[in-house]
Amino acid sequence: MNITSGLKSPLIEANRILVIGCPGSGKSTLAKRLSRALDLDYISMDRDFYWQPGWRKRPRDEIDRRIAKAVAEQRWIMDGTGLSSFHLRLPRADAVIWLRLPRYACLYGAVSRTFRYFGRNRPELPAGCPERLSLDALAYIWNFERDAVRLIEAALQDHGLANSTVIIRSRKEAKRFAALSA
């Protein structure tokens with residue numbers, strides 16, 4: 014698979030960008046920075062589509078309706094991997110940024126975020142969803158490369174985005190990438 018790696022940028026003319034990766038990789042942080050730098054509307058999958066107060070998940074049909082409406086817009090940057098909605102999002106995306114950090118970096122990101130926001134809402138979540146971290150979430154992070162990578166690669170290939178994907182492999186690269194876009 015020929016995916017752009019490093020800081021090469023298919024984003025120069027992109028109006029619709031997906032930021033994907035393992036939980037704790039820094040998707041929301043990077044997406045918000047790029048939103049400001051590129052003047053794109055920021056969309057959080059967790060806040061805008063999935064969760065309701067009290068960590069109640071919306072019904073699948075409502076999630077899909079919300080996603081379809083959002084991706085119909087002309088200019089946006091959306092954070093969240095959400096493999097089950099790739100069929101709605103990838104056809105509309107001009108480019109993808111894939112934060113493919115090592116497992117330890119994602120675990121560190123998730124745990125440190127939990128300490129920073131524990132019991133409070135972080136901006137990427139709807140009101141009434143205080144930060145938490147479960148053993149299931151840690152297991153998902155631990156197994157992300159094994160369970161999700163082949164599916165992501167296949168979806169990017171199937172939707173013609175393999176050559177419009179930037180892979181970022183470290184927090185340092187993510188910071189440099191955000192600085193280049195500013």
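Under my numbering, the first residue of the sequence shown is numbered 14, with each subsequent residue one higher. Beta carbons are placed, not taken as given, at the ideal position from N, Cα and C, and that holds for glycine.
**Asked** In the structure shown, what three-state DSSP assignment does Ala-108 receive?
**Response** strand
**Request:** Report all residues from its chain with a CB closer than 6 Å to the CB of Ile-16; omit the five preceding and five following residues, and keep chain order.
**Result:** Low confidence applies to Ile-16: its pLDDT is 41, below 50, so where it sits in the model is not reliable, and the reading given next is rough at best. Contacts found: Ala-175, Thr-178, Ile-180.
**Request:** Mark Leu-47 as exposed unless 16 or more other C-beta atoms lie within 10 angstroms of its C-beta, in which case mark it buried.
**Result:** buried
**Request:** Could you tell me how far apart the beta carbons of Gly-39 and Gly-141 are, in whole angstroms, since I believe they sit closer than 8 Å?
**Result:** Contact flag wrong, Cβ pair sits at about 24 Å.
**Message:** Spatial neighbours of Arg-79 within its chain, please: C-beta separation below 8 Å, excluding the five flanking residues on both sides.
**Reply:** Asp-61, Phe-62, Arg-71
**Request:** Drop a sphere of 10 angstroms on the beta-carbon of Gly-93, count the other beta-carbons inside from all chains shown, and report buried for 16 or more, exposed for fewer.
**Result:** buried
**Message:** When you compare the CB positions of Ile-154 and Ile-30, do they come within less than 8 Å of one another, or not?
**Reply:** no
**Within the region 42-111, ranges of the alpha helix (DSSP H) (whole runs, at least 4 residues)** = 73-84, 99-102
**Prompt:** What does a CB cutoff of less than 6 Å around Gly-95 pick up in its chain, not counting 5 residues either side in sequence?
**Reply:** Met-58
**Request:** Check Arg-163 in the structure and name its three-state DSSP category.
**Result:** helix
**Request:** Please classify Glu-144: does DSSP put it in a helix, a strand, or coil?
**Result:** strand
**Prompt:** Taking the DSSP output, what are the residues bridged to Arg-29?
**Reply:** Trp-89
**Request:** Note down the Cα distance separating Arg-116 from Ala-167, rounded to an integer number of angstroms.
**Result:** 21 Å
**Message:** For Leu-193 and Ile-165, I'd like the C-alpha separation in whole angstroms.
**Reply:** 26 Å
**Item:** Nearest neighbour of Ala-187, chosen from Pro-143, Leu-114, Ala-150, Asp-54 [CA to CA]
**Value:** Leu-114
**Prompt:** When you compare only the Cα positions, how much space is there between Ser-97 and Leu-53?
**Reply:** 24 Å
**Asked** Would Arg-73 be called buried (16 or more neighbouring beta carbons within 10 Å of its own) or exposed?
**Response** exposed
**Message:** For Val-32 and Ile-76, which I take to be in contact (beta-carbon distance under 8 Å), what is that distance rounded to the nearest angstrom?
**Reply:** The pair is not a contact, with the Cβ atoms about 18 Å apart (cut-off 8 Å).
**Request:** Rank Gln-65, Lys-82, Asn-28 by C-alpha distance to the C-alpha of Glu-137 and give the top, closest one.
**Result:** Gln-65
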